[in-house]
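Quick notes on the structure that follows.
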Amino acid sequence: MLVIKPQRLLTVALITLTSSLLTMNAQAATVSVSNYPLFLLSQAVTEGAPSAKQLLQPGEVGHHGSISPGDIKAIQDSKFVVWFGEPLENNLAASLNTAPNAISLFGFNAFKRHALRDVKAVPLSGTLDPHIWLDPENAKAITRALAVIHSHANPQHKKLYQANAQKFARRMDSAVATVQQQAGQKRQKPYPYWAYHDAYQYMEHAAQIQLIGSLSTDHHLAPKASQLRWLNEQRPAKQMCLITQSNSAKGLLAKLQPVKITVQAEDMSASKDFVSGWSNMAQQIHRCIS
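Straight run, no breaks: the sequence shown in my numbering ends on number 1077.
If you want it as structure tokens, here you go:
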């Protein structure tokens, strides 16, 4: 597991980011963001002012989705384009890796990071789990970074952006506290769960849950019979909760019984607000586990 001290490094990163932004040529005061979770975080920052342009549609986080000629023009016309980076969004890499106005959040060592895990929940050295927005502390750090970026694009709204980032942090802290209270703060061990594809690691500490194993390394790939057998042999509870990105086939679920399922999109594409979306996801997972 790769753990970065987020507060100290974020301060350094934002100072560096501010310096870099000041040296860029002025363009139209438009900010574009790559995918839906980043758009939700940006919306929290720009509430009361014009929002950023979203390049990828809900459900297109990661390797899926493509950008249109209109999106390419939006990238060129934007003052800044914020994306996570190629490890998550390789469908944008050709357009953004060399774009002078692009800002990759993965390029800053300012967020808590974890390694990818194999199907038996063992961390894989030298890898990065890219779903960093699901960690509440990372989400707060991202909004602070976005407030800096939006402020350089539209300095007339600087105070609003900063106030909104502070408001977001308070709402996020309150949501985490509520989820933990409902989960039972005195519980000694986190709640165990299975995932079809390991995409929820960054929620685990705040939501007090723990991955036991995954069915597959990708939600588009069917699990191997040997992995289903391993999961059944290692199950820590008689009835397990399976978190999945879409409804699973009844034949597959029959091999894991007794099991409950909860469908959760890691890009929060069913939500209109980041904090309520994160809170609903955590609460639904808890209901599945209990």
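No residue lacks a Cβ here, since even glycine has one placed at the ideal position from N, Cα and C.
Euclidean distance between Cα positions of residue i and residue j
i: Ile936; j: Asp864; result: 16 Å
i: His992; j: Gly1064; result: 17 Å
i: Thr1031; j: Ala950; result: 36 Å
i: Ile929; j: Thr1049; result: 27 Å
i: Leu1078; j: Trp920; result: No information on residue 1078 is available, as it lies outside the stretch 788 to 1077 that the chain covers here.
i: Leu998; j: Ala908; result: 7 Å
i: Leu1040; j: Cys1075; result: 14 Å
i: Ala839; j: Ala886; result: 18 Å
i: Leu809; j: Leu883; result: Residue placement at Leu809 cannot be trusted, given a pLDDT of 47 that sits under 50; the coordinates are not used to answer.
i: Ala855; j: Leu843; result: Reading off the sequence, residue 855 comes out as Ser, not Ala. Cα to Cα, the separation comes out at about 10 Å.
i: Ala970; j: Lys860; result: 47 Å
i: Asp1060; j: Ala831; result: 8 Å
i: Pro837; j: Asp985; result: 35 Å
i: Val1062; j: Pro1023; result: 31 Å
i: Glu1053; j: His944; result: 31 Å
i: Ala1036; j: Lys946; result: 50 Å
i: Ser1058; j: Leu828; result: 12 Å
i: Arg957; j: Val818; result: 25 Å
i: Ser821; j: Ile890; result: 10 Å
i: Met959; j: Ser938; result: 22 Å
i: Ala880; j: Asn888; result: 13 Å
i: Asp922; j: Glu1020; result: 30 Å
i: Glu924; j: Gly835; result: 24 Å
i: His1006; j: Phe955; result: 31 Å
i: Pro942; j: Gln968; result: 40 Å
i: Ser1077; j: Asp905; result: 25 Å
i: Asn1034; j: Leu1008; result: 14 Å
i: Ser1003; j: Gly1038; result: 16 Å
Check whether residue i and residue j have beta carbons under 7 Å apart
i: Leu1018; j: Val1046; result: no
i: Phe871; j: Phe893; result: yes
i: Ser1066; j: Pro845; result: no
i: Pro977; j: Gln995; result: yes
i: Ile862; j: Val869; result: no
i: Ala934; j: Tyr948; result: yes
Below-7 Å beta-carbon distance, residue i vs any chain D residue
i: Leu1002; result: Going by chain labels, chain D is absent from the structure shown, which holds only one protein chain.
Residues of its chain near residue i, where Cβ-Cβ distance is below 8 Å and the 5 sequence neighbours each way are ignored
i: Gln1051; result: Tyr987, Ile1030, Thr1031, Gln1032, Met1068, Gln1071 and Ile1072
i: Lys1025; result: Pro1045
i: Ala902; result: Met788, Leu789, Pro910, Leu911, Ser912, Gly913, Thr914, Leu915 and Asp916
i: Pro793; result: Confidence at Pro793 is low in this model, with a pLDDT of 47, below 50, so its placement is unreliable and the value that follows should be read with caution. Closer than 8 Å at the Cβ level, and outside the excluded window around Pro793, lie Ala897, Phe898, Lys899, Glu924, Asn925 and Ala928.
Contacts around residue i, its chain only, beta-carbon distance under 7 Å, and the 5 residues preceding and following it disregarded
i: Asp858; result: Leu842
i: Glu847; result: Asn822
i: Ala952; result: Val832, Thr930, Arg931 and Ala934
Integer Cβ distance of residue i from residue j, believed to fall under 8 Å
i: Ser1001; j: Tyr983; result: 7 Å
i: Lys866; j: Ala940; result: 5 Å
Residues of its chain near residue i, where Cβ-Cβ distance is below 6 Å and the 5 sequence neighbours each way are ignored
i: Met1027; result: Trp981 and Val1046
i: Lys1042; result: Leu1015
Cβ-heavy atom distance, residue i to the ligand SAM, below 6 Å
i: Gln1032; result: Absence of the ligand SAM is noted for the structure shown, with no ligands found whatsoever.
> Is there contact here, the stretch 866-882 with the stretch 909-927, by at least three beta-carbon pairs under 8 Å?
Replying inline: yes
>> Taking 8 Å as the cut-off, does the stretch 954-974 touch the stretch 1003-1022 (at least 3 CB pairs, one atom from each stretch)?
In response: no
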